[in-house]
Structure formats: structure tokens, C-alpha cells
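Residue numbers (our numbering), protein chains in the order written: chain A, 444 to 925; chain B, 7 to 446.
Beta carbons: idealized from backbone N, C-alpha and C, even for Gly.
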Amino acid sequence: MLYDAAIIGGGVIGCAIARELSRYAVRVVLIEKECEVGFGTSKSNSGIIHAGHHAPPETLKGQLVVEGNRAFPQLAEELGFGFKQVGEIVVARNADELPALEALKARGEAKGVPGLELWDRERLLREEPNLSPTVAGGLFAPTAGVINPYECCFGLIQNARMNGVELLVESPVLGIDRRDGFLSIKTPRQLLHARFVINAAGVHAAKIAAMVGLTDFTIQPRKGEEYMLDKRMKGVVRRIIFPVPAATTKGTLVIPTFDGTIMVGPTAEDVDEHDISTTDAGARSVFDFVRTLVPSLHPRDTIAEFAGLRAVSDSNDFIIGPTAVPGFINVAGIQSPGLTAAPAIGRYVRDILKDEGLTLVERDDFEPRVRPIPRFSALSMEEKRARIAADPASAHIVCRCEEVTESEVVEAIDQGARTLDGLKFRVRAGMGRCQGGFCTWRCMELLSERLGLPIEAITKRGGGSWLVIPRLDADPNEEASR
Amino acid sequence: MITRTPRSRYDVVVVGAGPAGLAAALGAREAGAEHVLLVDREPEPGGILQQCIHTGFGLHTFEEELTGPEFAERFIDRLTERGADLLLGSFILDGAPREGAVQIVGRDVGAARVEYGSLVLAMGCRERTRGALRIPGTRPAGVYTAGLAQKMVNMMGVLPGRRVVILGSGDIGLIMARRLVLEGVEVLGVYEILPYSSGLNRNIAQCLNDFDIPLHLSTTVTRVGGRDRVEWVEVCPVDEALRPIAGARRERIACDTLLLSVGLIPENELSQRLGARLDLVTRGPVVDSTLMTSVDGVFACGNVLHVHDLVDWVADEAMRAGRFAAEHALGRPRPRDSVRVVPGQNVRYVVPHTISPDRDQEVLFRVARPVERATIVAVAVGEEREQPIVSKKIRYAFPAEMMRLSLSQADLDKIDAETLRIDVVERPPKKDPKPKGSRS
Ligand SMILES: Cc1cc2nc3c(=O)[nH]c(=O)nc-3n(C[C@H](O)[C@H](O)[C@H](O)COP(=O)(O)OP(=O)(O)OC[C@H]3O[C@@H](n4cnc5c(N)ncnc54)[C@H](O)[C@@H]3O)c2cc1C
Ligand SMILES: Cc1cc2nc3c(=O)[nH]c(=O)nc-3n(C[C@H](O)[C@H](O)[C@H](O)COP(=O)(O)OP(=O)(O)OC[C@H]3O[C@@H](n4cnc5c(N)ncnc54)[C@H](O)[C@@H]3O)c2cc1C
Numbered sequence: 444m445l446y447d448a449a450i451i452g453g454g455v456i457g458c459a460i461a462r463e464l465s466r467y468a469v470r471v472v473l474i475e476k477e478c479e480v481g482f483g484t485s486k487s488n489s490g491i492i493h494a495g496h497h498a499p500p501e502t503l504k505g506q507l508v509v510e511g512n513r514a515f516p517q518l519a520e521e522l523g524f525g526f527k528q529v530g531e532i533v534v535a536r537n538a539d540e541l542p543a544l545e546a547l548k549a550r551g552e553a554k555g556v557p558g559l560e561l562w563d564r565e566r567l568l569r570e571e572p573n574l575s576p577t578v579a580g581g582l583f584a585p586t587a588g589v590i591n592p593y594e595c596c597f598g599l600i601q602n603a604r605m606n607g608v609e610l611l612v613e614s615p616v617l618g619i620d621r622r623d624g625f626l627s628i629k630t631p632r633q634l635l636h637a638r639f640v641i642n643a644a645g646v647h648a649a650k651i652a653a654m655v656g657l658t659d660f661t662i663q664p665r666k667g668e669e670y671m672l673d674k675r676m677k678g679v680v681r682r683i684i685f686p687v688p689a690a691t692t693k694g695t696l697v698i699p700t701f702d703g704t705i706m707v708g709p710t711a712e713d714v715d716e717h718d719i720s721t722t723d724a725g726a727r728s729v730f731d732f733v734r735t736l737v738p739s740l741h742p743r744d745t746i747a748e749f750a751g752l753r754a755v756s757d758s759n760d761f762i763i764g765p766t767a768v769p770g771f772i773n774v775a776g777i778q779s780p781g782l783t784a785a786p787a788i789g790r791y792v793r794d795i796l797k798d799e800g801l802t803l804v805e806r807d808d809f810e811p812r813v814r815p816i817p818r819f820s821a822l823s824m825e826e827k828r829a830r831i832a833a834d835p836a837s838a839h840i841v842c843r844c845e846e847v848t849e850s851e852v853v854e855a856i857d858q859g860a861r862t863l864d865g866l867k868f869r870v871r872a873g874m875g876r877c878q879g880g881f882c883t884w885r886c887m888e889l890l891s892e893r894l895g896l897p898i899e900a901i902t903k904r905g906g907g908s909w910l911v912i913p914r915l916d917a918d919p920n921e922e923a924s925r
Numbered sequence: 007m008i009t010r011t012p013r014s015r016y017d018v019v020v021v022g023a024g025p026a027g028l029a030a031a032l033g034a035r036e037a038g039a040e041h042v043l044l045v046d047r048e049p050e051p052g053g054i055l056q057q058c059i060h061t062g063f064g065l066h067t068f069e070e071e072l073t074g075p076e077f078a079e080r081f082i083d084r085l086t087e088r089g090a091d092l093l094l095g096s097f098i099l100d101g102a103p104r105e106g107a108v109q110i111v112g113r114d115v116g117a118a119r120v121e122y123g124s125l126v127l128a129m130g131c132r133e134r135t136r137g138a139l140r141i142p143g144t145r146p147a148g149v150y151t152a153g154l155a156q157k158m159v160n161m162m163g164v165l166p167g168r169r170v171v172i173l174g175s176g177d178i179g180l181i182m183a184r185r186l187v188l189e190g191v192e193v194l195g196v197y198e199i200l201p202y203s204s205g206l207n208r209n210i211a212q213c214l215n216d217f218d219i220p221l222h223l224s225t226t227v228t229r230v231g232g233r234d235r236v237e238w239v240e241v242c243p244v245d246e247a248l249r250p251i252a253g254a255r256r257e258r259i260a261c262d263t264l265l266l267s268v269g270l271i272p273e274n275e276l277s278q279r280l281g282a283r284l285d286l287v288t289r290g291p292v293v294d295s296t297l298m299t300s301v302d303g304v305f306a307c308g309n310v311l312h313v314h315d316l317v318d319w320v321a322d323e324a325m326r327a328g329r330f331a332a333e334h335a336l337g338r339p340r341p342r343d344s345v346r347v348v349p350g351q352n353v354r355y356v357v358p359h360t361i362s363p364d365r366d367q368e369v370l371f372r373v374a375r376p377v378e379r380a381t382i383v384a385v386a387v388g389e390e391r392e393q394p395i396v397s398k399k400i401r402y403a404f405p406a407e408m409m410r411l412s413l414s415q416a417d418l419d420k421i422d423a424e425t426l427r428i429d430v431v432e433r434p435p436k437k438d439p440k441p442k443g444s445r446s
């Protein structure tokens, strides 16, 4: 069978392309090496939907980010993931930085970023009283927002699949062969043929390109460490707080995440593609920096930490377009603001495919909406009662910290969760204060039951991330008899 | 005793059917409460004791070494005799203390509202996790709290890994060290950041020393490595401020599992929803001499009030809480607390937070640092002067071990102040030490 398009990589970019293509009568497959989509960089980032004024207008990323931002309210509504337009403020920490704000404002306005406002020190401190009293002013952008990025990936792929896209997980692409008029893709278990291959493999994109002999760009992974703070810091800032940007990154931020928890980060450090570790030095640099913005932040309040890898290309811009190899399309170097730009990238790639000769006929049965898993904890007592009456499994609380019910967990599994992390990122089971101390076992049991796998086969996030092993041959009664 | 259809009103409702909840229900019945409801999330009563299949429970209460489930069984039997409703697989979501009602959801009841005369909180505690410790490195599978590992081994019949390092010398970690060795798992060592263990001495002896498992004090895990599964942890000695010593050798230990036994935290989200004020040190509710929280009619006991080391003291405290809850529900007169109890020298916390001069009282507390040869002193702190009320000599005190001080009516009569402070002061070494001290 010949696919019209095969997308390599199920990050937010691959998923957004898949979802965009699912509007049309074409055969599409998405191939992902991990056990679930979104487990690469797309779950480990700041989750910000940028207003769009940071990236220079002459770059591709600068062009796609504004359009991406505009697409989010509708996308979030259709796919049912959380999106809150909290707004962002670029803060000048001293008078010397004030001109930079003016320049950013002018740049943003030229790009069509709506609602930019310069705030003087007084206004700034009135709106965000926990900022350092030494700040000099700020640039407010109302259209910036926050999402749970993994939910966005799950929503995109779920919708794409509803509309006919095939998903292959645990299928690392090992090689690609050029054939006459199509390309053949090898994974450990399959050989797939497609007219177009879309390389959306994130930090691995250069390797995928090399499989068809293209070596015209490189990807340098640039690590960013992020630190989540205790609930008690909720509300310390209401908007995303940026410093005046430095050369390599947008700097270290204070982020009120979608759930309200405060997150600080990221760092920026060039590393190899396997290094997703957090470090003492990283923590120190993050906190030393953000305390110049919000002095009450403290490393002591950290409750979780992680790191993600930006895929920085040697041109320092997105590389999106057809290549010297017919049918092979790069969507590479998607560093920040890739999450924001994702919906725009989806459309951009669609247009490229059209230009390259793929016939795209809109399907009249395209269904843009997914039914999100209803969150029990968000219901009122009345609604909870009604839900339980309709669905008794809603009365079984699996995760007590986040109040996640058995029916939510089961639904997440039916929607594609294969691992503990998959459950955690879909329905928050194990994401709360006990970090899975109480519900890990029940989640493993439910995964094992629904997927028909022995408990030992359940993993944290696929691959070699096994959780338990069978008993060795020790005498189980030995201890009791001691 | 097991019910599927609770009444709409009870004299006393108890949240959690661990040892605290079971004893509180029993205490309430014995004190005359007619209708008592005990609610637990789990399909079986017993709380954390269900997974504690080792012996060592009940030495004080029953003068026997029972396993956890056996200890729970004793209380379940006594409670069955007395009669109480036990609602399992049910979760108390929320409450409305002004209306005297709680919201329950569960497999049998669906969603139900139950009214109470008194409510007893006995939700137990949870374990501290990696996030709170800020251990850098990767985030692979194989980092578990010791209690979760205990559940895996003892209740589910599987093992958490093959080569295990344990961080923290809390009792659960110590017990798991032994358990895993008996299961054929390699336990490479227990690392404790403090210069002393946070577990009971008897557990160090019986769980580590007897099995040649090394305990490394003043050492901590500074990094976790491994992509999918733990592959190694890095350990490093720490200085007096508990910071890794710069330049000290950082040793990498190849292992596939890291167990954490680094402390327990009372599970007080429900208490907070009800409006109960918490003590910043215990992280449990502030209670008066009847173990009533700052919310009228709501009592607390067991690990939700403060973390206990021995289940016997949990049961003891909970029996009292149940009795006081029943008295409140039945409208009996309540003591008037007029004395605040506060921690003093080398005392981390004291429970309860207030006492009444009208009835004898036991106060529970923990020391901040280990001491040898000390005196517990209860000092009445008046506006003008301080007056020692009781003093009790002790041979040693460890933070791991909860201390108790009884105040008799005679002692209480001596208090002429609004504050009673508990100190643990070191005694000077004996001038003329006998060749064989009284220490045995
Ligand atoms: C710390 C940090 C913070 C960030 N914050 C923001 C932000 O706030 N806002 C924003 O807009 N952007 C942000 N970004 C950028 C954003 O996260 C990325 O641009 C985006 O996630 C890139 O998505 P992707 O799909 O290209 O990559 P990925 O999510 O990495 O997806 C690539 C996928 O390809 C798969 N793959 C690789 N090789 C193969 C193979 N051989 N076979 C099959 N599959 C393969 C991988 O498993 C992976 O799932 C941040 C990035 C970082 C690192
Ligand atoms: C792993 C471990 C090992 C131990 N080993 C020993 C030992 O060897 N010797 C010893 O003497 N002591 C030991 N202890 C201490 C002793 O077991 C505990 O102090 C005791 O179990 C605490 O009793 P509890 O009833 O307060 O809490 P738990 O036993 O934790 O019971 C609390 C119960 O409340 C339920 N619950 C919580 N929230 C809700 C809600 N909202 N709705 C409904 N139900 C709820 C829980 O499911 C649980 O069943 C150990 C403790 C632990 C954690």
C-alpha cells in the first residue's frame, strides 16, 4: 500500500501536520519511535503560546509564530485541551533596558501582535506586586497564553486518528530508500511506502535527513531545565514574566502554568541528544536569575524538575520545505517558539504538499472536535452526583491527590495511553503531591487489564523503563517465620 | 459491620479505617456513641498496616509482637463486637462543618451526604517524594518511595528491582531493606543525610546490622542516572549544613532502583478544606486537649495529626479522640482549655496545643536533636517568672522516637500561667561515674 504522506516524528509538529492533513481525503501515517506521541521535546517545555513579538520578522519562525498564536483559542476549544490567555510581560529590570522594550513593541506591532502596551513602573507593580521593587517598566502582551503541551499533542493525534490518520508507535525509523516516485521507510517491524515523507523528528531530524543523503543542515540540541514550584507559590505572578531577551534565548521566565502552579526556567546549554538531566548548576542559574525578577521565589519550593531539548539548526531558524530528494520534506530546526507555531506549521506544510503536487480534496465528513475526558475533580458536587449515577466507575477514586476516577483512567487507556506517564499526562493520575505513591499500583493494574498485558510488561514510558519484575525464587514465608 | 447503605446521620463519622480510625471508632462506641460510621477508600480496613507483614506491632497494647494485619484484626474484632458501620471503597471528598455533614463517593454508595455529631479525621500520611528533595539528574523509572515498594512486594507479589540503593533511614526504608534481601534482591546500602538515623534503633539492629547492610550517615544521593530505568546513583558526603562537601569523592553506584525513605507528611488536604488550622511543624491540625481541631466538632488522631513511630501510640491517641468525639456528639460538657503548650529547648513540636487545668493530660513531643542524659522539663511561663512544674530524667532522646510526658492533676494545679513550655535539657555528665552505669 502506498501512503500519500508519512510523517516521521510524533511531537507537536508531527501531530499538528497529521491533524491538518486529516481534513483532506489523503492516506497519512505518523511514525513515532516512542511508545506514545509527545514524549520528546513536546512534553518538556515551558508551555507558552507566545504573543509573537520576540522572534524577528525576517525569520520563518518570526512569521509563523503570530499565526500560530491566533490559531490557539479555536484549536484548544476543538481539541479540549486547556489554554489560558494569561498575557505576558517583558520586564525591564533597570532603566537601561527600557529602550529594548520600545524596540520590541515596535517589532511586535509591525508583525501584527495585538494589544501591546508599555507599562511604567507603577502600573507594573500594581499589576504584579511580587515583582522586584527595582524594576523599571514592562511591555504587556495580552494574547500570550499557557497550555499543557502534552495535552495538546494528545488532542491533535486523537483528532487526526478519528479522521483517518494511522499512528504507529514504538516504530523508530531506521532507514529510508528512494524508489521510483515514492520513498520506502524501514522500521524494525514494518516497511512502509509513501509518496511524501515529512521529517518532523525534532532533535533527530538531521539523522533522518541523512538517511536520504541530505547533509545540508545540522541540529544542535540545546537543553532547557525547568523547575515546578509548590502550590503555595500559586498566584505569585499572574502573567508570564520575561526578562528583556538575551542573544541565545528568550531568557529565564516565571510562568504561571495552565494549572496555576508556578514554573521557572528554562536554562540554555548545548548538550548531546541524550542529555535530559537536570543539574545543580542549572537550578542555581535559574533561581539566581528569576529572583532578580521575583525575589520571593526559592529553590526550596521545588516539587518537580525536568529538562527538554531544543532542536537548534545551524541557521538558527526553522527549516521547512521540499529538498533535493523528491518527496522528502524537512520540518526541522523547530526550536522555540515551535509549540506556538505548530498549527501554522501544519498549514504551511499542507501548502507545500499542494505545491509539490499532492491533490488535497477537503473531506466533508471531517470532524474537528474530540470529546475530552471529563475531569471529575472539576465538577460541582451536584454534577459529581449525576456523573456517578450515570457511570458508577466514577465513584472509584484512583488518584486521591488529583481526584482522578477509574473511569477517567480507563478512558485515557482507550484513547491511547500505554504507560504510566501516558496516564499521568492525560488525566493527571500521579501528578499530585504524592507523585504516584498511592495510585501507581492501581494505574498499573488498570493498564495491565485493559491492554491485556502482564503487570511486568507495564512501563513508565515505554522502551526500557520497566517498573517491576517477578519475584525471584526466595521463600515468601521466610520473613514471617523469623 | 460492613455496610453498603449508610444511615443519613451518625453520632460519629470517622475518616480512614487505619489503626487510628479503627481505634477512634472503638473509643467512640465505648464512650456511648450509638451510631458510628467508619469510612475508608480501600477495599479492606487496616490502612497502612495491611502492607506491614513484618512483626513488631502491639508490644505496648497487647504485649505481643504482632504483624500489621494481626494488629488491625484485633481492633476490627473488638469493633465488630461493639458494632459500628464500616463503609469501604469510599472516599470522603469534602465536608460542610457548619452543617455537620460530609460528602462521600464510593463503589456502594455512589455519592452520599452523611450528617455527623462529631467527625474524626484519621487519614494517615503520605511519603515524601523525590521532587521535594531536589535530586538532579534524569527521571527514569525505578525511583520509588519505600512504602510503594513495600506494597509491591508484600501485597502484589512483585519486586521493584534487582539492585537497590535506599536513600533515607526512615523506618519503612529499613524494614524494606531487610524485606528485599529476604526476597533475594541486592541491597547495596542505606544513605542518610543526617549524622544520625531517622529510624528506630531496633530497626537499625534488626533490619540492617543483622543482614550486613551498610548504613552511611552524613551522606546523600546527589544525582540519578539512566535514561529509561535507573542505571546508577551518585552519592556524596555532606557537611554540617547538609550540603555536599565540595571536592569530596562522589561515588557512582550501579543499581536499578532507588528507594526513598525520607519522611512522612500528614495527609491534610481534607482537613484544610474543612478549615482546620495546621501546625507548620507537624503539618497536622492544631488540636486542643480533646484532640479537637480549630473546627468545632472535628477531631484528629493518628498520622494525620502528627507522624507516629509506633502504632500502639496511634491506637492510644485515637481511642481518646474517639471518646472525646462521642462526648461532644452526645453534648457532654467540654473541658475549658486555658493553657497553651509550646515547644521549648530542643523540642520540635508538642501535641496537643492547649490543655485544660481540670483534667490530667499526656503531651506528646519530639526532640529536634539526639541527646544523651537529658531532663524533660515542663515550665509554666508566667508574665513575671518561669516555674518548672514537672521534670523527668531520661537516658537519651532521638528525633525518631516520639516522647510522652504525663501531667497529673497535682502537676496541673501548680500551673499559674497561660503557657506551658516543654524543654529537653542536657544534664551535665556525672561527676563521679560509677564503673557500671545504669545503662543496660
Ligand atoms: C525547555 C524548552 C522550553 C520551550 N518552551 C517553549 C514555549 O514556551 N513555547 C513554544 O512555543 N515553544 C517552546 N519550546 C519549543 C518547543 O517545545 C518545540 O519547538 C516543539 O516541541 C518541537 O516539536 P517537535 O515535534 O519538532 O519535536 P519533538 O517533540 O521532539 O518531536 C520529535 C519526535 O520525533 C520522534 N523521532 C525522532 N527520531 C525518530 C525516528 N528515527 N523514528 C521515529 N520517530 C522519531 C521523537 O521520538 C519525537 O517524539 C521549548 C523548548 C524547550 C526545550
Ligand atoms: C510503611 C509503614 C511501615 C510501618 N511500620 C511500623 C512498624 O513496624 N511498627 C509500628 O509500630 N508502626 C509502624 N508504622 C507506623 C504505623 O503503622 C502507622 O503509624 C499507622 O499505620 C498510622 O495509622 P493511621 O490510621 O493514622 O494511618 P493509615 O494506617 O495510613 O490509615 C489511614 C487510612 O485512611 C484512609 N483515607 C485517607 N484519606 C481518606 C479519605 N479522604 N476518605 C476515605 N479514606 C481515607 C486511607 O486509605 C487509609 O486506609 C509504619 C508505617 C508505615 C507507613
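Integer-rounded CB distance, given that residue j should sit under 8 Å from residue i
| i | j | result |
| --- | --- | --- |
| B:Tyr-355 | B:Phe-371 | 6 Å |
| A:Gly-452 | A:Ala-644 | 4 Å |
| A:Thr-700 | A:Val-729 | That pair is no contact at about 15 Å. |
| A:Glu-531 | A:Arg-682 | 6 Å |
| B:Val-126 | B:Val-45 | Actually they are not in contact, since the Cβ atoms of B:Val-126 and B:Val-45 sit about 10 Å apart, beyond 8 Å. |
| B:Arg-169 | B:Cys-261 | 4 Å |
| B:Asn-309 | B:Val-320 | 7 Å |
Range of the contiguous alpha helix (DSSP H) that encloses residue i
| i | result |
| --- | --- |
| A:Tyr-791 | 781-798 |
| A:Met-706 | No alpha helix (DSSP H) contains A:Met-706, which is instead part of the beta strand (DSSP E) from 705-708. |
| B:Thr-381 | No alpha helix (DSSP H) holds B:Thr-381; the beta strand (DSSP E) holding it covers 377-387. |
| A:Ile-651 | 648-654 |
| A:Cys-458 | 455-464 |
Cross-chain neighbours of residue i in chain B, by beta carbon under 8 Å
| i | result |
| --- | --- |
| A:Gly-1012 | In this structure chain A extends from 444 to 925, so residue 1012 of chain A is not present and cannot be described. |
| A:Thr-695 | Ordered by position in chain B, no residue passes the 8 Å Cβ test against A:Thr-695, which lies about 17 Å from the chain. |
| A:Pro-835 | Arg-113, Gly-116 |
Among the options, nearest to residue i - alpha-carbon criterion
| i | options | result |
| --- | --- | --- |
| B:Leu-28 | B:Pro-75, B:His-222, B:Ala-247 | B:Pro-75 |
| A:Asp-659 | A:Lys-797, A:Gly-551, A:Gly-764, A:Asn-512 | A:Gly-764 |
| A:Ala-767 | A:Ala-829, A:Ala-653, A:Cys-595, A:Leu-696 | A:Ala-653 |
| B:Gly-143 | B:Ala-183, B:Arg-326, B:Phe-305, B:Gly-231 | B:Gly-231 |
| B:Glu-237 | B:Leu-270, B:Gly-167, B:Arg-35, B:Leu-186 | B:Gly-167 |
| B:Val-465 | A:Leu-896, A:Trp-884, A:Glu-892 | In the structure as shown, chain B starts at 7 and stops at 446, and residue 465 of chain B therefore has no counterpart that could be examined. |
| A:Gln-633 | A:Lys-827, A:Leu-610, A:Glu-716 | A:Leu-610 |
| B:Val-383 | B:Met-409, B:Phe-404, B:Pro-363 | B:Met-409 |
Neighbourhood of residue i by C-beta, 8 Å cutoff - its chain only, sequence neighbours within 5 removed
| i | result |
| --- | --- |
| A:Gln-858 | Phe-597, Gln-601, Ile-816, Arg-869 |
| B:Met-55 | The sequence shown places Leu at residue 55 of chain B, rather than the Met named in the question. Closer than 8 Å at the Cβ level, and outside the excluded window around B:Leu-55, lie Gly-24, Pro-25, Phe-63, Gly-74, Pro-75, Phe-77, Ala-78, Val-317. |
Cβ neighbours of residue i in the same chain (closer than 6 Å, five flanking residues each side left out)
| i | result |
| --- | --- |
| A:Ala-603 | Ala-461, Arg-462, Ser-465 |
| B:Glu-70 | Gly-64 |
| B:Thr-299 | Ala-282, Pro-291, Val-293, Ala-306 |
| B:Arg-256 | Glu-240, Cys-242 |
| B:Pro-220 | Gly-195 |
Beta strand (DSSP E) segment containing residue i, residue limits
| i | result |
| --- | --- |
| B:Trp-238 | 238-243 |
| B:Ser-96 | 96-102 |
Beta-carbon neighbours of residue i, restricted to chain B and to distances below 9 Å
| i | result |
| --- | --- |
| A:Glu-899 | Val-164 |
Cross-chain neighbours of residue i in chain B, by beta carbon under 7 Å
| i | result |
| --- | --- |
| A:Ser-720 | Pro-142, Gly-143, Thr-144 |
| A:Ser-908 | Pro-146, Ala-147, Asp-234, Arg-235 |
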